[in-house]
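Below is one structure; the comments refer to it alone.
Chains as they are written, first to last, in my numbering: chain C, 76 to 431; chain Y, 273 to 711.
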C-alpha cells in the first residue's frame with residue numbers, strides 16, 4: 076500500500092484520452108464529489124511545469140473499534156465511499172494519519188482493512204495516535220516505513236514523520252512506556268512534536284534527487300510549524316525543517332491533526348491543514364495563522380458536521396489548491412493563489428457564526 | 273397483503289383493500305369516490321365536524337405571535353382566501369379528467385393522507401411517495417419530502433400539472449378552466465382583488481391548509497399542567513422521546529416548533545438497502561442535464577426510482593443523498609403508513625427502525641445511532657406518540673391504536689434486537705462481509 080513509486084514518464088496518449096473524457100463528462104458529473112478537474116494543460120518541458128492532477132486526502136479517522144461507539148468507523152467507511160465515487164478518480168489517496176484512536180493493533184488492522192476498499196492507490200502518513208502505544212511498531216508492521224518519497228507527474232512527494240516527541244530519539248531506550256488507556260487531551264503534558272535530526276536528514280535525502288524547480292509536496296500529520304503548543308499544534312524544529320525546504324521554489328505542506336481547515340504561508344512554503352473524518356476540533360485559542368479562516372461552528376447534534384474528506388489539485392505550474400469536502404456543507408477551496416497573494420485574492424467564504 | 277390488513281382500522285381498511293386488490297368489506301358509510309378516496313361530500317361533512325377556523329381569527333392552539341411569524345407577506349390569512357382555498361381543495365375539476373382533487377390523496381377522513389404507501393393519481397397511476405398529511409402546515413417549510421418547494425403556496429400548484437397526479441397540461445390550462453367555472457372569478461376577486469391566476473390559486477390553497485391546525489392533544493394539556501392528561505406509560509414515553517430515544521433532536525416539540533419537525537433533511541437509511549445510490553446519482557445527474565425545471569424535478573421525484581435519492585435530486589449535494597424531510601409527529605397515530613415511501617405500517621415499525629440505528633449507508637445521518645430500547649420502552653414511546661393526537665381525531669386514533677397494537681404483536685419486520693443492543697454492528701459486516709473483502 077505504501078512505498079515509493081518509480082518516477083513515471085508522462086503518457087501523452089493517456090493524458091489526451093483523460094482530457095477528452097473530462098470534456099464529455101463535465102456537464103454530467105460537474106457537481107459530483109470533487110467536481111471535475113479543469114482542463115489540464117499538457118505538461119510543458121519547461122522546468123517546474125507538471126501535468127495537472129488531483130489526489131484525495133482522508134485523515135484523522137481515530138478508530139477505536141468499540142461497538143459502543145462506531146461513529147468513527149462509519150465515518151471512515153463514508154470517506155472511502157466518497158473517494159471511490161470521485162469522478163474522475165484521484166491519482167492516489169493520502170491517508171493523513173491518526174488511523175487509530177490510541178494506536179491499538181486491532182484498530183490499526185481494522186483501519187487497514189477498511190482502506191483496502193479504496194480503489195486508487197493509498198499513501199499512508201503516520202499520526203501521533205498511531206504511535207501512542209508502541210512508538211509506531213504496529214503501524215510499521217502494517218504499512219511499512221514511516222518516511223518515504225516518490226515522484227508523480229513531475230511533482231516530488233515526501234512523507235515525513237512529523238510526530239516524533241522531542242527527545243524521543245535519544246531517550247527511546249530508557250523512556251517509560253506510554254501510560255495505559257487512550258490518548259486524551261492531557262497530551263499537552265507530553266513533549267512537543269519534532270521531525271528530529273533523523274527525520275530532517277531523510278527529508279534532505281529525499282529532496283536531493285530532484286532539482287530546485289521541481290514542485291515539492293510534503294505530507295505530514297502535524298502542521299510542521301508553530302501554532303499552539305498547548306494543543307500540540309507545534310513542531311519544535313520547524314525552522315530547521317523550513318530551511319531544508321527553502322531552496323525549492325514551489326513547496327506545499329499538506330497536513331492533518333488540527334481537525335479543521337488551516338491555511339498558512341511561511342517563506343516559499345504553502346501549508347494546507349485538512350479536515351478529519353472522526354470529529355472536528357475547535358479553533359486554537361492562539362497562534363492561528365492570519366490566512367486561516369474559521370468555518371461556521373459545527374452543529375453538535377450532527378456528528379458529521381465539520382468533518383469530511385479533502386482533495387488537492389496540483390496545477391500545471393505546481394501550485395496546490397486544497398479543497399475541504401465538508402460532509403454537511405458546501406466544499407471550501409483554499410487556492411495556492413490565495414496563499415501567495417497574502418489573502419487578497421480567491422478568499423474562501425467567511426463564517427457567519429463564531430467558532431466555539 | 274397481510275402486511276396492511278388490520279393495520280389502519282376501519283377508516284382505511286377499505287383503501288388498503290383496494291390497494292392490494294382485496295374484496296372490500298365495507299359498510300354503506302365506506303362508499304368511495306374515484307381512486308378509492310372518501311367521497312367529497314362525506315369529506316366536507318367531516319371537515320365541518322372538525323370545526324376548523326374560517327380564517328378570520330388565529331386558529332385554536334396556535335400562539336398568535338407564532339402565527340404572525342409564519343404568515344407570508346403576500347398571503348395573510350383571511351376568510352375570503354380560506355373559503356376560496358377550501359373550494360379549490362375539494363374540486364376534482366382541476367384535474368385533467370375531473371377525477372382527482374387535493375382531497376383525493378389528502379383525505380379528510382384518513383388523517384389528511386390516503387392511508388396507503390404511495391398515492392394514486394389520474395388513470396390509476398401510482399407515484400412513489402407517501403402523501404404527507406395536510407395538517408399543521410403553517411409551521412412546515414419547505415414542502416414535499418425532498419423540500420423541492422420553498423413554500424406551501426409554491427407546493428400547492430405542483431400536483432395540478434404532474435402527469436401522474438392531476439395531469440393538467442399546464443398552469444395556463446388550469447387558469448383557463450377556473451375562468452370557465454362561473455363560481456371562481458368572483459371568489460378570486462373577493463380574495464385577491466383580481467381575476468383567477470395560478471399564483472393566487474396556490475395562495476388560496478395554502479391559506480386554507482394553514483387553517484388545518486390540530487394541536488389540541490393530551491400532550492398539550494399535560495404540558496399546560498394537567499398532570500393526569502398523560503398516563504404513566506405516555507409520560508415515560510415522553511422522557512424517552514426527549515432522552516434515550518433521541519427523537520427530539522430532529523422532532524423538537526417546544527414553543528417555537530410545536531409540530532415536531534426541525535424542517536431539515538436526514539438520511540435515516542429508509543431507502544438504503546433497496547438502492548444502489550451511486551448508480552442513481554449518475555442517472556439523476558444525467559437526467560437533470562437534460563432538464564432541471566421544477567416540473568422535471570417533480571417528475572423525477574414521483575415517477576422514477578431516482579426519487580429515492582431524496583433531497584439530492586433538488587440540491588445535487590452529495591450529503592443530501594437519501595435524505596428526506598423530517599415529517600411532523602403531530603397526529604402521527606392516524607397517518608399510517610409511515611416514511612416517504614409508506615414502507616412502515618405501524619409506529620412500532622418506525623421505532624424499530626430507529627432503535628437499530630437505521631439502515632447503514634455512507635450517507636446515514638450522523639445523529640442516527642442504535643438506541644438499545646427495550647420492548648417496554650418501545651411500547652411506552654409508541655404510547656406517547658399516540659398521545660400527540662388531537663382530541664378531534666380521537667375516534668380514528670383509537671381504531672388505529674387497536675389495529676397497530678394487534679399487528680405489532682404478530683409482525684415486527686423492522687425489529688433487530690442485536691443491532692439495537694450493539695451486539696452486532698453494521699460496519700463489521702460492511703468491512704468483513706462485503707465484496708471488497710480480501711482485495
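Glycine is no exception: its CB is placed at the ideal position from the N, C-alpha and C atoms.
Since we're looking at a predicted model, the values are computed, not measured.
Excluding five sequence positions before and after residue 488 of chain Y, the CB atoms of its chain that fall closer than 8 angstroms to its own CB belong to 332, 333, 662, 663 and 664, given in chain order. DSSP places residue 392 of chain Y in the strand class (E or B) of the three-state scheme. In the DSSP assignment, the residues bridged to residue 341 of chain C are C:344. Straight-line measurement puts the Cα of residue 128 of chain C at about 59 angstroms from the Cα of residue 353 of chain Y. When only Cα atoms are considered, residue 413 of chain C and residue 399 of chain C end up about 15 angstroms apart.
In this model, residue 307 of chain C and residue 267 of chain C are separated by some 6 angstroms (Cα to Cα). With contact defined as three or more Cβ pairs closer than 8 angstroms, the segment 316-324 of chain C and the segment 353-371 of chain C are not in contact. Counted as a single uninterrupted DSSP element, the alpha helix (DSSP H) harbouring residue 342 of chain Y occupies residues 336-342. Excluding sequence positions up to five before and after residue 639 of chain Y, its CB lies within less than 8 angstroms of the CB of 518, 521, 522 and 538, all in the same chain and listed in chain order. Residue burial is scored here from C-beta neighbours: residue 465 of chain Y has fewer than 16 other C-beta atoms within 10 angstroms and is therefore classed as exposed.
For residue 145 of chain C, the chain Y residues whose Cβ falls inside 7 angstroms of its Cβ are 697 and 699, in order along the chain.
Residue 650 of chain Y carries a helical assignment under DSSP once its states are collapsed to helix, strand and coil. For residue 421 of chain Y, the beta-bridge partners assigned by DSSP are Y:415. Comparing C-alpha distances from residue 147 of chain C to each of C:168, C:132, C:280 and C:173 shows the shortest one belongs to C:173. Taking a C-beta cut-off of 8 angstroms against chain Y, the contacting residues of the segment 177-208 of chain C are 185, 188, 189, 191 and 192, listed in chain order.
Using a 10 angstroms sphere on the CB of residue 526 of chain Y, the tally of other CB atoms stays under 16, which defines it as exposed.
Contact between the segment 353-362 of chain Y and the segment 501-519 of chain Y is absent: fewer than three C-beta pairs spanning the two stretches fall below 8 angstroms. Contacts with chain Y (Cβ-Cβ distance below 9 angstroms) from the segment 397-411 of chain C involve 400, 401, 402, 403, 404 and 405, listed in chain order. Listed in chain order, the non-local C-beta contacts of residue 328 of chain Y below 8 angstroms within the same chain comprise 350 and 351, local neighbours out to five positions each way being set aside.
At a cut-off of 9 angstroms between beta carbons, residue 639 of chain Y contacts chain C. Within the segment 296-308 of chain C, contact with chain Y at the beta-carbon level (separation under 7 angstroms) is assigned to no residue. Taking every protein chain shown into account, the CB of residue 286 of chain C has fewer than 16 other CB atoms within 10 angstroms, so this residue is exposed. Per DSSP, reduced to three states, the secondary structure at residue 305 of chain C is helical. Annotation for residue 330 of chain Y: 336 and 339 place their beta carbon closer than 7 angstroms to its own, counting only its chain and skipping 5 residues before and after.
Taking residue 345 of chain C as the centre and dropping the five residues before and after it, the same chain places the C-beta of 327, 411 and 414 closer than 6 angstroms to its C-beta, in chain order.
Within the same chain, Cβ atoms closer than 7 angstroms to the Cβ of residue 179 of chain C are found at 208, the five residues on either side in sequence being excluded. Residue 373 of chain C and residue 352 of chain C have their C-alpha atoms spaced approximately 13 angstroms apart. Boundaries around residue 292 of chain C are those of the beta strand (DSSP E), 291-295, since no alpha helix (DSSP H) includes it. Look at residue 667 of chain Y here: in three-state DSSP terms it is helix. A distance below 6 angstroms between beta-carbons, with the five flanking residues on each side excluded, links residue 196 of chain C to the following residues of its chain, in chain order: 167. DSSP, reduced to helix, strand and coil, places residue 611 of chain Y outside both helices and strands of the structure shown, so it counts as coil.
Counted as a single uninterrupted DSSP element, the stretch harbouring residue 386 of chain C is not any alpha helix (DSSP H) but the beta strand (DSSP E) occupying residues 383-389. Contact check for residue 655 of chain Y against residue 503 of chain Y passes: the beta carbons are separated by less than 9 angstroms. Contacts between residue 694 of chain Y and chain C, judged by CB atoms closer than 7 angstroms, involve 142 and 143 in chain order. At least one CB of chain C lies nearer than 9 angstroms to the CB of residue 521 of chain Y. Chain-order list of chain C residues neighbouring residue 525 of chain Y: empty, with the shortest C-beta distance near 15 angstroms, by a criterion of under 9 angstroms.
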